[in-house]
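Here the structure is laid out as structure tokens; the discussion comes afterwards.
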Amino acid sequence: MKRFLVLVLVLIIVFVFAKEQVLHIYTALDENEWPIYVKAFEQATGIKVQVVRMSSGELLARVEAESKNPQASVWFGGPALDQIAAKKKGLLAPYKSEAVEKVPAAFKDPDGYWVGIYFGAIGFGSNTEQLKQLGVEPPTSWYDLLKPQFKGRISLAYPYTSGTAYTVLAALVAIMGEDKAFDYWKQLHKQIHHYNTSGSACVTQAGLGEITVGIAFAHDIITKGIDKGYPVILTFPKEPTGYEIGAMSMIKGAPEPDLAARFIDWMLSAEAQSLMVKWNRIPINPEAKVAPGAVKMQDVNVVPMDFEYFGEQKDRLIERWKEEIEYGM
Amino acid sequence: MNWFKQIKRLVNEPVLFAMIIFVWVLLIVFVVYPILMVGLKSFESKSGVYSFDVYKTLFSKKYFVTPIINTLRLGVVVASISVLIGYIFAYSIAKVNIPLKGFFRTVATFPIISPPFVIALAAILLFGRNGIITKNLFGGTPPFEIYGFWGLVIVETLAYFPTAFMTLEAILISISSDLEEASLSLGSSKWRTFWRVTFPLSMPGILSAWLLVFSQSMADFGTPLILGGRYHVLSVSAYLEITGSYRISYGSGLAILLLIPTLIAFFVQRYWLSKKSYVTVTGKPSVAKVLEPNVYVKIIFTIVCVILVFSIFLFYGTVLFGSFTKLWGVNHKLTLENYRFAFTYNWDYIKDTLFLACIATPLCGILGIMIAYLVARKQFPGRRIMEAISLLTFAVPGTVVGIGYLLAFNQRPLLLTGTAMIIVLVFIFRELPVGVQNGVAALYQIDRSIEEASLDLGSSSNKTFWKITLPLLMPAFFNALFTAFVRSMTAISAVIFVVSGKWNLITVRILGAVGNSDLAQAAALSYVLIGIVLMAMFFLRFITINFSYQTKIRRAMS
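In the order they appear, the protein sequences are chains A and B. Everything in the first sequence is counted per our numbering, starting at 1 for the first residue and increasing by one. Everything in the second sequence is counted per our numbering, starting at 1 for the first residue and increasing by one.
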């Protein structure tokens, strides 16, 4: 038994006290995407990084759950909305460096709690083979999704786990007004096959033909659908659509604030921002390269979105969504 | 022996006394306390305010009542079908002279060594709108909706019928053929003998198997997360409440609702059924063929077995094929790309999982055997309670354990969030019952007189344990090690709440890949996992065969 006790003791010592200097990042970017930036950062700076991938909504919940004992320093990617919600809950730390100052005011928090990295618009990714089979055009309006041909053939994510889906909800509220948006979603709900936890999952599902239309960000539809070789076409609603400013921020009580600052600075550099070409994202830094097929802000009809408002109202809107839509019918 | 005498004896044996205290401390801190925290949290409607509000909400809002009903419905259907199939299968193996028994038996237990959501992955690859079967046999229209109730029933039945099968096989083998023969010679037909003798005798086994599968289905997390579609169950709802909305009180409340039926099922199965046993154990397993049914029934039995074995091959084969495809559904060219990806990008997940499971497994085995020894061989106050608590995590769904660890160990002095320690602890205490149960069973089979002889000859109880009891326990120990290792490697429902940036697990990665529809990647990772488990199995079997006492004795005797 002594041996056993000694073993337990050794384990405790090893795991509790052995802390190396490593930057810990939570990311909402795709499991196949974040390594692009993180590996480049590691090479450029020699800093070691450890990453956990979660959906944006799950990330917010995790940061809130760990607020007494934060486990990560940087919140990397996902719509600014969730980071604004986090700011309102006092979960973020302000950070303003020279790099941040170069970013246009529209793409960052005035108090420095978050800063934008990319722009992305919500679009529809449809499976072309199924469209042909069903004899229907790809949707170009939110109301096209209500066509009987699409019944049980649409998917997107839960607005509470996914930043993508919450952006959809917020955009609909911005476009139609809150009550009308909920009425609309009640109709849409009947068309939906199922909800995912992750926002970009529906793109592959559309590609595979598990569903016909997925509602997601344009860059995800291009990268995970069209570029991969799936029979997927990207369209936008002719009414305005929603958009995100993909953001990053420093978590309050970050265990590695210095390394986090270096990551944020580096991520805003033209060099790092140019890497976004690989995922068809529109970089915030105007000096960075833009992918040829990528969808820029001026290419689509976007609704002006009050991110502050929607960040603040997240809990209430989600509660209403769950009550009236997810389990309301 | 009364308490006073027991305590007096304990004081004379300080090592034993220390051991008992040590076990109690571990059980209270790592088993009882986290579960109590979940219960407590479910009453905390607002920070610091305790009331029944959470439960009032849970039962008044449709979005909580629906998952409760759904979970129970799924559990009942899966348990019933699994027991029916498991019974036919077990009967065929135990009582009927069908060909290829050993082969059927091995295949039937295959789902145990892989996480259940591998079968769910196969279900999508086969029966999804773009699935192989849907496309080639049904012209693109799925025969039924795989995302939802029936998909869950199929996958969970395949995943959990081995539990029913193994329970029922043990029972059927232990039914003495004397009774059946007696019935036959008194002039009853085979059919009547089956319904009047064999079936009633296997009733406890049937109930037991039903309750076991019912609990497994209720506690399953990965399958409904992948394949639930719009059919919500408690474990997923609790997970989404916590990770998606950070409403820990509601998540805890749902977890408690999940806990109640599984706890009842567990204790009914364990204490009530085990006492009220009709089984006529004769000591020797009888392999009588007296009740072998007529040829038509035999054919039906064989067909059921063949269909089942074929399904298992089909499901696992599909995943294997999927793991080599370039892009599932579009480009089925074979490639090693997915495996390359698994061993480069996902190497950390594999490494971490292996490392943590390798630390947890021996600790779990040692602690389990230690508790089994105390419970089965020593007299001390609270012995029965210690046994019940050490088996508790068997009954508690992983979701509840995970939430409990999240709540219990996120602040000082037990600040473990984010460490490897918390994952190792989840592994150890989740799988502890396996070691305890194996150990207790083994100890009851070892004649006490061997140990008493050692004690009478002047050895301390400490020395007797190390020199006599432990070597005899080795097979049970290795068996427990293997089960603990496999279950740790394939665990998901509890650990998903405690993984962190530093320590990540392969099952969580697979679940993420499936959730993200990266099916080929998920398939490759699943097979890496299955490969590791198979290697561990052969390794441990090798050790067991070469180093166990029984083998040594047998060798010495021959």
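Backbone N, C-alpha and C define an ideal beta-carbon position, used for all residues, glycine too.
Contact set for G293 of chain A: own chain, Cβ-Cβ below 7 Å, skip 5 residues either direction:
In the first sequence, residue 293 of chain A corresponds to position 293, counting from 1. These residues qualify, in order along the chain: I222, N280.
Residues near W321 of chain A by beta carbon distance below 8 Å, same chain, minus five either side
To locate residue 321 of chain A, count along the first sequence from 1; it is residue 321. Excluding sequence neighbours, W321 of chain A sits near P159, Y160, L169, F182, W185.
L327 of chain B: first and last residue of the uninterrupted beta strand (DSSP E) it sits in:
Along the second sequence, read from residue 1 onward, the residue named residue 327 of chain B stands at position 327. Note, L327 of chain B: beta strand (DSSP E), 325 to 327.
Leaving out five residues on either side along the sequence, give the residues of the same chain with a beta carbon under 6 Å from the beta carbon of N338 of chain B.
Your numbering for residue 338 of chain B matches position 338 in the second sequence. S323, A520, Q521, A524.
Pull up the CB-CB distance for G229 of chain A and L327 of chain B, whole angstroms please, since I reckon it's below 8 Å.
To locate residue 229 of chain A, count along the first sequence from 1; it is residue 229. To locate residue 327 of chain B, count along the second sequence from 1; it is residue 327. Sure, about 6 Å apart at Cβ, within 8 Å.
Output, in chain order, the set of chain B residues within a Cβ distance shorter than 7 Å of A201 of chain A.
Counting from 1 along the first sequence, the entry for residue 201 of chain A is found at position 201. Neighbours of A201 of chain A in chain B, taken as residues at a C-beta separation under 7 Å, are given in chain order as G515, N516, S517.
Hey, does T417 of chain B have any beta-carbon neighbour from chain A nearer than 7 Å?
Taking the first residue of the second sequence as position 1, residue 417 of chain B is located at position 417. Taking Cβ atoms only, chain A reaches closer than 7 Å to T417 of chain B, which makes this a yes.
Could you tell me which uninterrupted alpha helix (DSSP H) segments, each at least 4 residues in length, are contained entirely in the segment 270 to 303 of chain A, listed from first to last along the chain?
As summarised for the segment 270 to 303 of chain A, the continuous alpha helix (DSSP H) elements at least 4 residues long and confined to that stretch are 270 to 274, given in chain order.
DSSP has S126 of chain A in a bridge; who is on the other side?
If you number the first sequence from 1, residue 126 of chain A lands on position 126. S126 of chain A pairs with A:V213, A:I233.
Contact list for the segment 174 to 200 of chain A against chain B, Cβ threshold 9 Å:
Here the close residues are I192, H193, H194, Y195, N196, T197, S198, S200.
State the beta-bridge partners of W347 of chain B as determined by DSSP.
Counting from one through the second sequence, the residue named residue 347 of chain B turns up at place 347. Its beta-bridge partners do not exist; DSSP assigns none.
If you check the beta carbons only, do G398 of chain B and S493 of chain B fall under 7 Å apart?
Stepping through the second sequence from its first residue, residue 398 of chain B is reached at position 398. Stepping through the second sequence from its first residue, residue 493 of chain B is reached at position 493. Contact check for G398 of chain B against S493 of chain B passes: the beta carbons are separated by less than 7 Å.
Check the Cβ of V52 of chain A against every Cβ in chain B and list those closer than 8 Å, keeping chain order.
Here residue 52 of chain A is taken as the residue at index 52 of the first sequence, counted from 1. For V52 of chain A, the residues of chain B that pass the 8 Å Cβ criterion are V499, S500, G501, N504, in the order they occur in the chain.
Taking 7 Å as the threshold (C-beta atoms), are L59 of chain A and Y26 of chain A in contact?
One-based indexing of the first sequence puts residue 26 of chain A at position 26. One-based indexing of the first sequence puts residue 59 of chain A at position 59. In this structure, L59 of chain A lies closer than 7 Å to Y26 of chain A by Cβ.
From the DSSP output, in three-state form, read off V22 of chain A for me.
Position 22 of the first sequence, counted from the start, is the residue given in the question as residue 22 of chain A. In the three-state reduction of the DSSP assignment, V22 of chain A falls in the coil class.
Quick one: using the 10 Å Cβ neighbour count with 16 as the cut-off for buried, is G229 of chain B buried or exposed?
Counting from one through the second sequence, the residue named residue 229 of chain B turns up at place 229. G229 of chain B counts as buried, since at least 16 other C-beta atoms from the protein chains shown sit within 10 angstroms of its C-beta.
Nearest chain A C-beta to K62 of chain B closer than 7 Å, yes or no?
In the second sequence, the residue the question calls residue 62 of chain B occupies position 62. Yes, K62 of chain B lies at the interface with chain A (some Cβ there is under 7 Å from its Cβ).
Beta-carbon proximity list for I428 of chain B, same chain, < 7 Å, skipping 5 on both sides:
Here residue 428 of chain B refers to the residue found at position 428 of the second sequence. Hits under 7 Å: A360, L363, C364, L367.
Could you please give the first and the last residue of the uninterrupted beta strand (DSSP E) stretch that includes Q50 of chain A?
Indexing the first sequence from 1 puts residue 50 of chain A at position 50. Start and end: 49 to 53.
Per-residue contacts from T167 of chain A into chain B (C-beta, under 9 Å)
Position 167 of the first sequence, counted from the start, is the residue given in the question as residue 167 of chain A. Result: empty, since nearest Cβ-Cβ is about 15 Å, beyond 9 Å.
Consult DSSP for P79 of chain A and reduce its assignment to one of helix, strand or coil.
Walking along the first sequence from the start, residue 79 of chain A turns up at place 79. In the structure shown, P79 of chain A falls within a strand segment according to DSSP collapsed to helix, strand and coil.
For L320 of chain B, which option in B:Q411, B:L126, B:A484, B:P293 has the closest C-alpha, if you only look at C-alpha atoms?
Numbered from 1 along the second sequence, position 320 holds the residue referred to as residue 320 of chain B. Cα-wise, what sits closest to L320 of chain B is B:L126.
Please state the DSSP three-state secondary structure of G322 of chain B.
For the purposes of this step, residue 322 of chain B is taken as residue 322 along the second sequence, with counting starting at 1. Helix.
What residues match up with H194 of chain A in a beta bridge as DSSP calls it?
Position 194 of the first sequence, counting from 1, holds the residue named residue 194 of chain A. Per DSSP, A:S155.
Comparing alpha-carbon positions, which option in A:F119, A:H193, A:K190 lies nearest T164 of chain A?
Counting from 1 along the first sequence, the entry for residue 164 of chain A is found at position 164. It is A:F119 whose Cα lies nearest to the Cα of T164 of chain A.
Give the straight-line distance between the Cα atoms of F199 of chain B and I264 of chain B, rounded to the nearest whole angstrom.
For the purposes of this step, residue 199 of chain B is taken as the residue at position 199 of the second sequence. For the purposes of this step, residue 264 of chain B is taken as the residue at position 264 of the second sequence. Using only the alpha carbons, I get a separation of about 25 Å.
Taking CB distances under 7 Å as the criterion, tell me whether S564 of chain B reaches chain A.
The requested residue 564 of chain B is not part of the displayed model; chain B covers only 1 to 558.
Could you check the C-alpha separation between R377 of chain B and G151 of chain B for me, to the nearest Å?
As a working note, residue 377 of chain B is residue 377 in the second sequence. As a working note, residue 151 of chain B is residue 151 in the second sequence. Roughly 47 Å between the two C-alpha positions.
Answer yes or no: does any C-beta atom of chain A fall closer than 7 Å to that of S51 of chain B?
Numbered from its first residue, the second sequence carries residue 51 of chain B at position 51. No, no contact with chain A.
Take F107 of chain A as the anchor and find which of A:G246, A:E312, A:V300 has the nearest alpha-carbon.
By 1-based counting over the first sequence, the position of residue 107 of chain A is 107. F107 of chain A has its Cα closest to that of A:G246, out of A:G246, A:E312, A:V300.
Cα-Cα separation, I84 of chain A to P255 of chain A
Locating residue 84 of chain A in the first sequence gives position 84, counting from the first residue. Locating residue 255 of chain A in the first sequence gives position 255, counting from the first residue. In this structure, the straight-line span from the alpha carbon of I84 of chain A to that of P255 of chain A is close to 21 Å.
Could you tell me which of A:Q21, A:E31, A:I211 sits nearest to A563 of chain B, measuring between CA atoms?
Summary: the structure shown does not reach residue 563 of chain B, with chain B confined to residues 1 through 558, and so no result is reported for it.
By Cβ distance, which residues of its chain are closer than 8 Å to S269 of chain A, with the 5 residues on each side in sequence left out?
Here residue 269 of chain A is taken as the residue at index 269 of the first sequence, counted from 1. Within the same chain, A99, N285 come within 8 Å of S269 of chain A by CB-CB distance, once the 5 residues on both sides are set aside.
Within 7 Å (strictly less), CB to CB, does Q83 of chain A reach chain B?
Within the first sequence, numbered from 1, the residue matching residue 83 of chain A stands at position 83. By this cut-off, Q83 of chain A is not an interface position.
Three-state class that DSSP yields for V233 of chain B in the structure shown:
Here residue 233 of chain B corresponds to residue number 233 of the second sequence, with the count starting at 1. For V233 of chain B, the three-state secondary structure derived from DSSP is coil.
Helix, strand or coil at A28 of chain A [DSSP, three-state]
Start at 1 with the first residue of the first sequence, and residue 28 of chain A comes out as number 28. In the three-state scheme derived from DSSP, where H, G and I count as helix and E and B as strand, A28 of chain A is classed as coil.
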